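**Q**
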Amino acid sequence: MNKILKAMMIASLFSACVSTNKETAGDDFEYNNERFADLQMLRYKVEGFDDLTLKQKTFIYYLSEAALWGRDILWDQNGKYNLRIRHILERIYTAEGIDHETDDWRAFETYIKRVWFSNGIHHHYGSEKFVPGFSQEWFDQAVATALTAAKCHTTAPDITDIKEVIFNPEVLPKLVNLAEGADLLLTSASNYYDGVTQAEAEAFYENLKKTGDQAHPVMWGMNSRLVKNADGTIVEKPWTTEGLYGAALKKVVENLRLARPFAEDEAQQKVIDLLISYYESGDLKTFDEYTIAWVDNTAPIVDFVNGFTESYGDPLGMKASWESIVNFKDVEATKRTEKLSDNAQWFEDHSPIAPEFRKEKVKGVTAKVVKAAILAGDLYPSTAIGINLPNSDWVRAEHGSKSVTIANLTDAYAKAAKGSGMLQEFTVGQEEIDLITKYGDYTDDLHTDIHECLGHGSGKLLPGVSTDSLRAYGSTIEEARADLFALYYLADPKLVELGLLPDMDAYKAGFISQMQNGLLTQLVRINLGNEIEEAHMRNRALIARWAYEHGRAENVVEMVKRDGKTYMKINDYEKLRTLFGELLAEVQRIKSTGDFRAAQQLVETYGVKIDPELHKEVLDRYAKLNIAPYKGFINPVYTAERDAEGNITDVKVTYTEGYAEQMLRYSREYSALPMVND
Ligand code: ZN
């Protein structure tokens, strides 16, 4: 469920480019940190932490410890050489006697920072193995110097195999191979299967799936490595406190136990008990009980995810990588989503769609807004801005799911993008820049809230119309429907009345952002010569181009050319709102009646093709801004103050630790696993 949100995160980088700062003066927090390769490090601020009770802070402190202790599990899951490689690289990085003024050193520094970022030697997004920019001779010399200097080995260890893995492009080239035709397990570097072919693994789990409760199937295979023994038998090696990764999981459990007394209610203590019991036994039924208890536990302010969760790293989509996030509810921001869901029926009744497509009775959807306190495992440093769990289909159907948007991370993206130059480069004039600077944050957040809480849930299908009748155009139409619902209502006085927007100028920032993104800036994510493929992007292009074309006679929106650069200018905001309303009515009609031909016509005409000349211009302008395409976060540091008996009397949060410093400290303080885990 994370994946969509990771994609959203990338989308948000670009909507963030027109977002700005809510608290202007006095906010000297440095969101941007160092940059290397294609990566930009950011910091996030845990606003509101100091206002929590001591009990809540203590709870967060121990849950953070439990989160950080899982780090090495992910490193080993991402490849069986990763922990050894990290050890050697860190020895070199911290050794004395290596000249830091050479090209080899600088290439090495970039390499280790990329490896830290990816929790292994493959790109976190593209999955390809990093190519070291330093020579093998330099590396040999550096290893010799580092090991002598550190005196950590009496005789030099044999690292021939590791050198093969680092330098030979033929060895383990992909973390996850999804190319059809090859044996996906044997050609993937991820460490979820050992000596097992794809056919053998598939057969193994086909058999398992036939057993047990068919209506409530457990998540087979999610917490084990599948291994072929010397005698040819195939067995699961479960990841439990007594099994594989046991040393790390014991530390996780130890800290969950320390956290338990500070849980916010008994139900949350039960959640922790079930999680510990599952870590100890590996029993997947217990895991389901744990997720149900977790989904039902909605009262607490502090909440967390800790465990084997997402399966994108397994080509077969079963084995789950370890991750953790600790968060607490942003009570103010959650009031915002509650105001919307409390008024859901009003919005539905006043929607500009034909009455027969309206819902008589709307069920409000509540989504919680949270602040992240710590990110770990597969959520660190690259992370999601929202999470929807659990992943078990039957648990979701019978017990629901928890959905969070992580406000301080979106905020950090937005603030970090402030100085990127995107806004200045692509916005037509100072008046527009001022509107976005003043209101961009409000309208961005509110747009997302209305889109999620109301937009997707609005309207209804006519009897007999199937949900998938729009086929390949279905998701673009659905996203357009939710976006148009948000855009139409952004300009409604109701939002000012509810106190969600400060005045009737605010919505203009949302309109500029939408039109600019749909017509211009989102093109930076597409390579020259390609068309628009992704549903959210098609939807944005569709809305912006349709409104531009249909307002042309009255010059509602104008494409302005200046010094060879193209800009978008809105001349009539009110008329643009009317156009959004008209398109919403049409998109809802298409959806409600399952009008495939109209969907196809609409999407193909406005949502897919790109003018190659404009595309090249936008890409050239973007390239000059030199913005890193991927971002990740440095965690804050929590320090517990204790009394003479060892009781925590306060927890302080600081933001001064550097990226390398943090990575080295984590390796020093949270390494429980051996270098090789068989
Ligand atoms: Zn959506």
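Numbering of the sequence shown is given in the numbering used here, commencing with residue -14 and proceeding in unit increments.
For every residue, glycine included, the Cβ atom is placed at its ideal position computed from N, Cα and C.
This one's a predicted model, so the numbers in the text were calculated from it and none came from an experiment.
Taking any heavy atom of the ligand ZN as the mark, which residues have a C-beta closer than 6 Å to it, listed down the chain?
**A** Cβ atoms closer than 6 Å to the ligand ZN belong to H436, H441, E464 and A467.
**Q** Give the range of the beta strand (DSSP E) segment to which A357 is assigned.
**A** Residue numbering aside, residue 357 sits at position 372 when the sequence shown is read from its first letter. Its beta strand (DSSP E) spans residues K353 to G362.
**Q** Which residues in the same chain have their Cβ closer than 8 Å to the Cβ of L(-10), if we skip the five residues on either side of it in sequence?
**A** Within the sequence shown, numbered from 1, the residue matching residue -10 stands at position 5. Bear in mind that the predicted position of L(-10) carries a pLDDT of just 42, short of 50, making it too unreliable to give a figure here.
**Q** Work out the CA separation of Y552 and Q253 for me, nearest whole Å.
**A** By 1-based counting over the sequence shown, the position of residue 253 is 268. By 1-based counting over the sequence shown, the position of residue 552 is 567. Whole-angstrom Cα-Cα distance: 52 Å.
**Q** Among the residues of its own chain, which have a CB less than 6 Å from the CB of H384, if the five just before and after it don't count?
**A** The count along the sequence shown starts at 1 and reaches residue 384 at position 399. Cβ neighbours of H384 beyond the five flanking positions: I277 and V280.
**Q** With burial defined as no fewer than 16 other Cβ atoms inside 10 Å of the residue's Cβ, what is the status of M204: buried or exposed?
**A** By 1-based counting over the sequence shown, the position of residue 204 is 219. Per the 10 Å Cβ criterion, buried.
**Q** Check M207 in the structure and name its three-state DSSP category.
**A** As a first step, residue 207 must be located in the sequence shown, where it is residue number 222. DSSP places M207 in coil when its eight states are reduced to three.
**Q** Drop a sphere of 10 angstroms on the beta-carbon of V308, count the other beta-carbons inside from all chains shown, and report buried for 16 or more, exposed for fewer.
**A** On the sequence shown, position 323 is the one that residue 308 refers to. Going by the sequence as given, residue 308 is Glu instead of Val. The residue is buried, with at least 16 neighbouring Cβ atoms inside 10 Å.
**Q** Work out the CA separation of L169 and A184 for me, nearest whole Å.
**A** Within the sequence shown, numbered from 1, the residue matching residue 184 stands at position 199. Within the sequence shown, numbered from 1, the residue matching residue 169 stands at position 184. About 10 Å.
**Q** Report the residue ranges of all beta strand (DSSP E) runs contained in full by the segment 399 to 456; include only those spanning at least 3 residues, in chain order.
**A** Fully enclosed beta strand (DSSP E) runs of 3 or longer: not present.
**Q** Between the C-alpha atoms of H109 and D363, what's the straight-line distance to the nearest angstrom?
**A** On the sequence shown, residue 109 is found 124 positions in, with the first residue counted as 1. On the sequence shown, residue 363 is found 378 positions in, with the first residue counted as 1. Answer to the nearest angstrom: the Cα atoms are 10 Å apart.
**Q** Quick one: any contact between the segment 41 to 60 and the segment 238 to 246, if contact means 3 or more CB pairs under 8 Å?
**A** Enough Cβ pairs lie closer than 8 Å, so yes.
**Q** What did DSSP end up calling S386 once you bin it into helix, strand or coil?
**A** Along the sequence shown, read from residue 1 onward, the residue named residue 386 stands at position 401. Coil, per DSSP.
**Q** For K65, does the count of other Cβ atoms within 10 angstroms reach 16, so buried, or fall short, so exposed?
**A** Your numbering for residue 65 matches position 80 in the sequence shown. Flag for K65 reads buried.
**Q** Out of curiosity, what's the CA-to-CA distance linking K42 and A92?
**A** Counting from 1 along the sequence shown, the entry for residue 42 is found at position 57. Counting from 1 along the sequence shown, the entry for residue 92 is found at position 107. If I take the Cα positions, the gap works out to 41 Å.
**Q** I'd like to know whether the C-beta atoms of D557 and V541 end up nearer to each other than 7 Å.
**A** Taking the sequence shown and counting its residues from 1, one reaches residue 557 at position 572. Taking the sequence shown and counting its residues from 1, one reaches residue 541 at position 556. Taking 7 Å as the Cβ cut-off, D557 and V541 qualify as a contacting pair.
**Q** What did DSSP end up calling M544 once you bin it into helix, strand or coil?
**A** Your numbering for residue 544 matches position 559 in the sequence shown. Strand at M544.
**Q** Identify whether E345 lies in helix, strand or coil by the three-state DSSP scheme.
**A** Reading the sequence shown from its first residue, position 360 is the one you call residue 345. Three-state result, E345: coil.
**Q** With a floor of 3 residues, list each beta strand (DSSP E) that falls wholly inside the segment 36 to 80, ordered by position along the chain.
**A** DSSP runs (the beta strand (DSSP E)) wholly in the segment 36 to 80: none.
**Q** Would you please state the rounded distance, in angstroms, between the beta carbons of R530 and G503? I believe it to be under 8 Å.
**A** Against the sequence shown, residue 530 aligns to sequence position 545. Against the sequence shown, residue 503 aligns to sequence position 518. Confirmed, about 7 Å.
**Q** Would you check if there are 3 or more beta carbon pairs closer than 8 Å linking the segment 204 to 213 to the segment 11 to 22?
**A** Touching, no.
**Q** Check the C-beta distance from A80 over to A22 and give it rounded, since I have them as a contact under 8 Å.
**A** Here residue 80 corresponds to residue number 95 of the sequence shown, with the count starting at 1. Here residue 22 corresponds to residue number 37 of the sequence shown, with the count starting at 1. Not really, about 22 Å apart at Cβ, beyond 8 Å.
**Q** Buried or exposed: where does L513 fall if 16 or more other Cβ atoms within 10 Å of its Cβ makes it buried?
**A** Looking up residue 513 in the sequence shown gives position 528. Result: exposed.
**Q** Are Y178 and L229 close, meaning C-beta to C-beta below 7 Å?
**A** Numbered from 1 along the sequence shown, position 193 holds the residue referred to as residue 178. Numbered from 1 along the sequence shown, position 244 holds the residue referred to as residue 229. No, these two residues do not count as a Cβ contact at 7 Å.
**Q** Buried or exposed for G111, please, with buried defined as at least 16 other CB atoms from any protein chain shown within 10 angstroms of its CB.
**A** Along the sequence shown, read from residue 1 onward, the residue named residue 111 stands at position 126. It counts as exposed.
**Q** So, using beta-carbon positions, are I310 and A357 closer together than 7 Å?
**A** As a position in the sequence shown, residue 310 is number 325, starting the count at 1. As a position in the sequence shown, residue 357 is number 372, starting the count at 1. For I310 and A357, yes; Cβs fall inside 7 Å.
**Q** Assuming the contact rule is C-beta atoms closer than 8 Å, R525 and D434 should be a hit. Round their C-beta distance to whole Å, please.
**A** Your numbering for residue 525 matches position 540 in the sequence shown. Your numbering for residue 434 matches position 449 in the sequence shown. Actually they are not in contact, since the Cβ atoms of R525 and D434 sit about 18 Å apart, beyond 8 Å.
**Q** Would DSSP call R28 helix, strand or coil?
**A** As a first step, residue 28 is located in the sequence shown; it is residue number 43 there, counting from the start. Strand at R28.
**Q** For a quick check, are the C-beta atoms of V355 and K314 less than 7 Å apart?
**A** Start at 1 with the first residue of the sequence shown, and residue 355 comes out as number 370. Start at 1 with the first residue of the sequence shown, and residue 314 comes out as number 329. Yes.
**Q** If we count the other Cβ atoms within 10 Å of its Cβ and call it buried at 16 or more, is T294 buried or exposed?
**A** As a first step, residue 294 must be located in the sequence shown, where it is residue number 309. So T294 ends up on the buried side.
**Q** Taking just the CA atoms, how far does P366 sit from Y398?
**A** For this step, residue 398 is matched to residue 413 along the sequence shown. For this step, residue 366 is matched to residue 381 along the sequence shown. Each residue's alpha carbon lies about 13 Å from the other.
**Q** Check this for me: beta carbons of L472 and F565, under 7 Å apart or not?
**A** For the purposes of this step, residue 472 is identified with residue 487 of the sequence shown, where counting begins at 1. For the purposes of this step, residue 565 is identified with residue 580 of the sequence shown, where counting begins at 1. Yes, these two residues count as a Cβ contact at 7 Å.
**Q** Bridge partners of I261, per DSSP?
**A** Locating residue 261 in the sequence shown gives position 276, where the first residue counts as 1. None; I261 has no bridge partner.
**Q** Out of curiosity, what's the CA-to-CA distance linking E516 and T319?
**A** Within the sequence shown, the letter at position 531 stands for residue 516. Within the sequence shown, the letter at position 334 stands for residue 319. Using only the alpha carbons, I get a separation of about 38 Å.
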